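Residue numbers (this note's numbering), protein chains in the order written: chain A, 1 to 506; chain B, 1 to 567.
Cβ atoms here follow ideal geometry from the backbone N, Cα and C, with glycine treated the same way.
Remember, it's a predicted structure, so these values are computed and weren't measured experimentally.
Below is one structure, written out as structure tokens, with a few remarks after it.
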């Protein structure tokens, strides 16, 4: 635990300035005392140091890959070196990385990708015709018929058309325009790009960005990096993490005193909270965004049905990715962004900004194409594709239920239903003595809990403090991705640990 | 009298700006934007040509004085229109957006390329043109120009993508072994899992071994290697770390002029101060430390210069730095306390006899202390160039040397927010840094393919230089490395005058006319920066040999015709 505490101090949460810690006062960090502790006398000060580096970058935090994950890496190395632990493997339930947890890739997707990568295979009898047809179509749209050419900065044209057709189908015929589709390097890239364009002003007119608490920490990280103002609105845990417009109104009102709230981010289905918003709620949010003149980062489906005042005015960007869903192709970094009602000049700016990075990885674009344009009925691969897809999704649904049920049997753990996404975010009651012990270690109480969980069981989950939570409540985020049998064991071990922890600090 | 329709960039609230914004040396100039407005103008240019010139140009003077300018439709949509319709102004407009992003410019994919796309579309629709295809010599995109991927590289990648193929007899054993060992290092043995944010560990180790071999045994530490989404990603990440301070303390970054516009774009976006140092065109684009010193001294009056970027081999200029020059640069950086950024993505692309690539890392280490132990350096490489040209897969790495460990952790953290670089790009990088060995079944073919690509590039570099230098009014330095020529063109005063009337940089005017009349797409020198009063363009040497010669001849003829027209 001492080492863990040291890691956290070096790293995260309450404690002295460390690389993972939000360091608000750069003036304090520049105190000359810091410079004097340098050991090597002959070595002069480096040009780039913690004190001289970009303070906004220093302020970035990203818990999903933070100190607890570094610790998990250390423990894995120790296990490899044969060091005895009360467990034999580290289970990484910290990140939504389905295939790392054993989920098999969708065969059709990988077939098409292989054909695109190595077109000699187009003559091979071991690939189905529908896979070949798609690969040929993608390659024809690539410069020199190769995945190795840069694509247009906005993405390969025919793939953007397929995305638009997919959105149109998904949204019951509401048309999507390929010109409004931008392929991206995972969804993170799209979110970062649009926020980058939105952030402006100084002092009290600096752009404020409203994000849910708990949130996916990409948002807070990007807001820090861009020097924007983070405006928190709280989801209602008592009400299955529902979003309440009253709360949005409170947040925007308070924020207006010190910044210019211009953007409202919605995560639906929720991450880490797993709720799925009702249609009524989405409508309310759109009305609210319209009244308050907020740019929406969200789900566009409902917008079109609210009449022209909204459908032709509310500015919105929505994001999708190959990393989640039933495909779980995280490593390809495929994704897209659809923008609605964006000013034409801003679209020009967007293309320009994207063009500096040349293009999203073309392999990820190809993967995105297969996600939006899967085999249809009558095609050779249709049945197998549907079988694989359904199997992944029904498996996830079963695991969601199992997780909720098991957590709610544990005294001191309360878990909302997992309506969507791939995470549980249970609330844990920590005894006052545990909170004190954590503070003695200079750690957030839930970080203390999660570190102990990792060291004693090998289970790696992310403390709620990395996502944000109401003051005085504690949570952790755990993915539901381990295979069912393993998940059962994991849940049982968390349960045993929790009971033991309560006993220890009673 | 040709009728000329221009799509001119403008900003602000629907009124065309009156001020001229030159695309001068400091690329990323003030206040320009990227919104289009339609301007239709009658003009005397293009006499004898098609006369219809449509271009999307940088924000330019609409030229209230220029005769015959008629504004057709100032903007396509926008808040003015919204207001007219009684609608609310948009949240996000050119006036409310991030001003730094607005200043970003990137000529390699700028207006001229958008116009090239339109022309391609028109050709497909059967519109008659004086050419049958658009040749995109604007960007170093080898496969798009017909270069074939290296077989072994694609075999390994296909095996990784679809491990079912590991049982196929159609793949060589060494490709299978390689794919298996890469998959072993992936979560769930799948390319679909995230990797570590700094890249797959064994691939970082292979990169370190590669650097060590390249640098004659000087060790490289895998912990100092970070894989990235192409080199651009890593360059922006390092710049991001470096930018701090306000007002006169704002970070300044020295970049060569001409430069690759990623630098100016990233600096604009990060609101850092761009400090130009000029390469010496008369000495084959050599870098001169006296010029570095001049630039630094001037910059110190208004910012705090903290980093020095070097592109070697040069882009767009194609020069290869001598060892002496690199030593001098390192000494300068050390004395002046500048963080060195060495863009070495063309390290495999050296053609000229007597030219040799020396890595900054190697020279730095061989200079010994205090340089080797203290000078901070980041060096970048990519899978997009060299002999592989795998641009679309977005693979690359940065090696950092003498970086503060605490800052290195910050870099790791920053990269983790984007989760990881694309796995296919990491796989390709693995093969580039550890290609088949002489005892492997794929060795012979791999070497043959690699040498064929590099030999052809060398021949094309030579040919380009020769043909250009035969043309009166064009002067081209030797293309020692990289994959571009950057010839200087003489433009007659009347052409310059005409360009100015149209509110265009003179070389932009030349390149646009070239595109409209020949289908050849090159990038004007103003997009890279050049000495005031000189004009250039960048052309890649990538088109296939049988296409390159006619292309060079066509270009030369066009220049002669253009010169006649305006003399």
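Closer than 8 angstroms at the beta carbon, the chain A residues around residue i
| i | result |
| --- | --- |
| residue 265/B | 356 |
| residue 433/B | Near residue 433/B there are no residues of chain A at all, since even the closest Cβ is about 17 angstroms away, more than 8 angstroms. |
| residue 96/B | 200 and 262 |
| residue 310/B | Correct list: empty, because the minimum Cβ distance to chain A is about 16 angstroms. |
| residue 404/B | 46, 48, 49 and 50 |
Chain B within 8 angstroms of residue i, Cβ atoms only
| i | result |
| --- | --- |
| residue 162/A | no |
| residue 48/A | yes |
| residue 400/A | no |
| residue 486/A | no |
| residue 44/A | yes |
| residue 472/A | no |
| residue 461/A | no |
| residue 36/A | Reliability of the predicted coordinates at residue 36/A is poor, the pLDDT of 43 falling under 50, and the value obtained from them is presented with this limitation in mind. Answer no: the Cβ-Cβ gap between residue 36/A and chain B never drops below 8 angstroms. |
| residue 415/A | no |
| residue 233/A | no |
| residue 39/A | Reliability of the predicted coordinates at residue 39/A is poor, the pLDDT of 48 falling under 50, and the value obtained from them is presented with this limitation in mind. Not an interface residue. |
| residue 149/A | yes |
| residue 443/A | no |
| residue 504/A | no |
| residue 60/A | yes |
Chain-ordered neighbours of residue i on chain B, where CB pairs are closer than 7 angstroms
| i | result |
| --- | --- |
| residue 95/A | 194 |
| residue 114/A | 158, 161, 162 and 165 |
| residue 65/A | 197 and 416 |
| residue 111/A | 162 |
| residue 333/A | 422 |
Minimum Cβ-Cβ distance from residue i to chain A less than 8 angstroms
| i | result |
| --- | --- |
| residue 134/B | no |
| residue 496/B | no |
| residue 158/B | yes |
| residue 479/B | no |
| residue 139/B | yes |
| residue 188/B | yes |
| residue 149/B | yes |
| residue 162/B | yes |
| residue 376/B | yes |
Interface partners of residue i on chain A, CB under 7 angstroms
| i | result |
| --- | --- |
| residue 244/B | 52, 53, 54 and 55 |
| residue 99/B | 200 |
| residue 361/B | Within 7 angstroms Cβ-Cβ: nothing; residue 361/B doesn't reach chain A, min ~17 angstroms. |
Chain B contact residues for residue i, given Cβ-Cβ distances below 9 angstroms
| i | result |
| --- | --- |
| residue 295/A | 90, 91 and 92 |
| residue 259/A | Near residue 259/A there are no residues of chain B at all, since even the closest Cβ is about 14 angstroms away, more than 9 angstroms. |
| residue 141/A | Correct list: empty, because the minimum Cβ distance to chain B is about 12 angstroms. |
For residue j and residue i, believed in contact at Cβ under 8 angstroms, the rounded distance
| i | j | result |
| --- | --- | --- |
| residue 541/B | residue 461/B | 5 angstroms |
| residue 391/B | residue 52/A | Actually they are not in contact, since the Cβ atoms of residue 391/B and residue 52/A sit about 35 angstroms apart, beyond 8 angstroms. |
| residue 421/A | residue 407/A | Contact flag wrong, Cβ pair sits at about 16 angstroms. |
| residue 63/A | residue 90/A | About 17 angstroms separates the two Cβ atoms, so there is no contact after all. |
| residue 515/B | residue 139/B | Incorrect: roughly 14 angstroms between the Cβ atoms, too far for contact. |
| residue 418/A | residue 193/A | Not really, about 30 angstroms apart at Cβ, beyond 8 angstroms. |
| residue 277/B | residue 481/B | Wrong, their Cβ atoms sit about 20 angstroms apart, outside the cutoff. |
Near the ligand FAD: residue i beta-carbon under 7 angstroms from a heavy atom
| i | result |
| --- | --- |
| residue 494/A | Absence of the ligand FAD from the depicted structure is noted, as is the absence of any ligand whatsoever, leaving it without description. |
Chain B contact residues for residue i, given Cβ-Cβ distances below 8 angstroms
| i | result |
| --- | --- |
| residue 361/A | 229, 392, 393, 394, 422, 424 and 425 |
| residue 197/A | 92, 97, 98 and 101 |
Interface flag, residue i vs chain E, CB-CB below 8 angstroms
| i | result |
| --- | --- |
| residue 450/B | Any reference to chain E falls outside this structure, whose protein chains are A and B. |
Closer than 9 angstroms at the beta carbon, the chain A residues around residue i
| i | result |
| --- | --- |
| residue 526/B | Ordered by position in chain A, no residue passes the 9 angstroms Cβ test against residue 526/B, which lies about 16 angstroms from the chain. |
| residue 233/B | 185 and 357 |
| residue 185/B | Near residue 185/B there are no residues of chain A at all, since even the closest Cβ is about 12 angstroms away, more than 9 angstroms. |
Which residue spans inside the region 443-508 of chain B form an unbroken beta strand (DSSP E) run of at least 3? none
Report the start-end ranges of each alpha helix (DSSP H) in the region 331-366 of chain B that is 4 residues or longer and not cut off at the edges. 360-366
With three or more C-beta pairs closer than 8 angstroms as the rule, is the region 134-149 of chain A touching the region 222-241 of chain B? Contact between the region 222-241 of chain B and the region 134-149 of chain A is absent: fewer than 3 CB-CB pairs across the two stretches fall below 8 angstroms.
Touch check for the region 149-160 of chain A and the region 185-198 of chain B: three-plus C-beta pairs under 8 angstroms? no
Just list the alpha helix (DSSP H) runs in the region 51-85 of chain A, keeping only unbroken ones of 4 residues or longer that don't cross its boundaries, in chain order. 55-58 and 67-80
Output the residue ranges of the alpha helix (DSSP H) runs that lie fully inside the region 339-402 of chain A and measure 4 residues or longer, sorted by chain position. 344-356 and 362-372
Check whether the region 334-351 of chain B and the region 302-314 of chain B are in contact - that is, three or more C-beta pairs closer than 8 angstroms. yes
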